[in-house]
Amino acid sequence: MLTEGKWRRLVAFVWTFWKLNLAGAMEFRLSFLMTAGMMLVNNVVWVFFWGVFFHRFSVVNGWGFQDVMMMWAVSAGGFGLMAVFFGNANRMAQLISTGQIDVYLTQPKPVLMHVLISRMSVSAIGDVIFGLLLFLIFGDKSLLGALKFAAALLIAMLIFLFFIVIVNTLAFYMGNAEGLAYQLFHCLLAFATYPTDIFRSWGRLLLFTVVPAGFISYLPIGLLRSFDLPFMLGALGVTALLSVGGTWFFYRGLKRYASGNMLVMRS
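So, in structure tokens, the structure goes:
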């Protein structure tokens, strides 16, 4: 069990890693600005697309343009926060299959946490900025509205993070799982950016079970527009289940890990 002193050292360790990641990204300012900026521009194209769509169809199954924009704010912002603070998540399958986890096993820190925070996605900073801009334009900027948006971002971030951890951890059990992890992650990301209510029957069931994108994409309706208690209980339950289950699944798989016997310099 971690004592108060160990908790403080662990928090300091994580904070130091995040600062170093940002400092490394800022080393080449022009590249940093162009990478983050291009992701921001890429996302703005979707605003244009949805603007044209809703110019012709004002409401789609109860969703208006503002709802869809807030869906993008939550999805892009949640993904961006995940990739900025835990940017190594999508590389875990590669690290496992090539034996590069060894370097993390030699450090006296929680292995999963150490792996996740060891890299930052620079382009994801553009996603975070995009999400915040959409909130400032379309969101409820009252104190309650800001708190609800922050809660939505946290839920989305954790669902993205631990779903990615689970699909990448499959590499412990089936070897090279990079392709499968990539496809499942992009499936989650794609479905999280479309209104949940356009799906019916088995498609809708899929979004709230196997690929839990529905718990991200429905947040603008079930939390930001009005508080839907059954949905929120489900969203919080799935978030907790993925967080605990993903952590357990990783450490269970780690027991099966065979060292790659490689001399690795962390990059």
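If you're matching positions, the sequence shown starts at 4 in my numbering and goes up one per residue. We put the beta carbon where it would ideally sit given N, CA and C, even for glycine.
Rounded separation between residue i and residue j - CA only
| i | j | result |
| --- | --- | --- |
| residue 246 | residue 160 | 11 Å |
| residue 115 | residue 62 | 43 Å |
| residue 11 | residue 34 | 34 Å |
| residue 207 | residue 155 | 20 Å |
| residue 180 | residue 187 | 11 Å |
| residue 134 | residue 168 | 23 Å |
| residue 267 | residue 105 | Note that residue 267 scores 49 on pLDDT, short of 50, meaning its location in the model is unreliable and no value can be drawn from it. |
| residue 259 | residue 68 | 48 Å |
| residue 256 | residue 51 | 44 Å |
| residue 123 | residue 234 | 32 Å |
| residue 112 | residue 8 | 14 Å |
| residue 73 | residue 151 | 12 Å |
| residue 102 | residue 95 | 10 Å |
| residue 60 | residue 203 | 19 Å |
| residue 189 | residue 90 | 15 Å |
| residue 254 | residue 25 | 28 Å |
| residue 16 | residue 86 | 18 Å |
| residue 230 | residue 145 | 16 Å |
| residue 32 | residue 23 | 15 Å |
| residue 21 | residue 147 | 29 Å |
| residue 110 | residue 64 | 52 Å |
| residue 107 | residue 6 | 22 Å |
Selection from the options that minimises the alpha carbon distance to residue i
| i | options | result |
| --- | --- | --- |
| residue 19 | 32, 84, 88 and 50 | 88 |
| residue 176 | 42, 100 and 195 | 100 |
| residue 223 | 195, 205, 242 and 203 | 195 |
| residue 143 | 209, 228, 202 and 201 | 228 |
| residue 157 | 93, 210, 84 and 113 | 84 |
| residue 249 | 170, 209, 203 and 189 | 170 |
| residue 201 | 217, 178 and 212 | 217 |
| residue 28 | 149, 205 and 125 | 125 |
| residue 193 | 41, 49, 30 and 32 | 49 |
| residue 240 | 44, 212 and 153 | 212 |
DSSP bridge partner residues for residue i (one or two, in chain order)
| i | result |
| --- | --- |
| residue 66 | 63 |
Rounded distance between the beta-carbons of residue j and residue i, thought under 8 Å
| i | j | result |
| --- | --- | --- |
| residue 185 | residue 220 | Going by Cβ atoms, the distance from residue 185 to residue 220 rounds to 21 Å, so no, they are not a contact pair. |
| residue 214 | residue 191 | 5 Å |
| residue 39 | residue 129 | 4 Å |
| residue 75 | residue 137 | 6 Å |
| residue 82 | residue 127 | 7 Å |
| residue 80 | residue 118 | No, residue 80 and residue 118 are not in contact; Cβ-Cβ is about 23 Å, not under 8 Å. |
| residue 53 | residue 71 | 5 Å |
| residue 209 | residue 199 | Not a contact, Cβ separation roughly 11 Å. |
Assigned exposure category for residue i - 16 Cβ within 10 Å defines buried
| i | result |
| --- | --- |
| residue 121 | buried |
| residue 232 | exposed |
| residue 66 | buried |
| residue 56 | exposed |
| residue 140 | exposed |
| residue 242 | buried |
| residue 172 | buried |
| residue 14 | exposed |
| residue 162 | buried |
| residue 93 | buried |
| residue 46 | buried |
| residue 58 | exposed |
| residue 37 | exposed |
| residue 98 | buried |
| residue 226 | buried |
| residue 41 | exposed |
| residue 149 | exposed |
| residue 252 | buried |
| residue 174 | buried |
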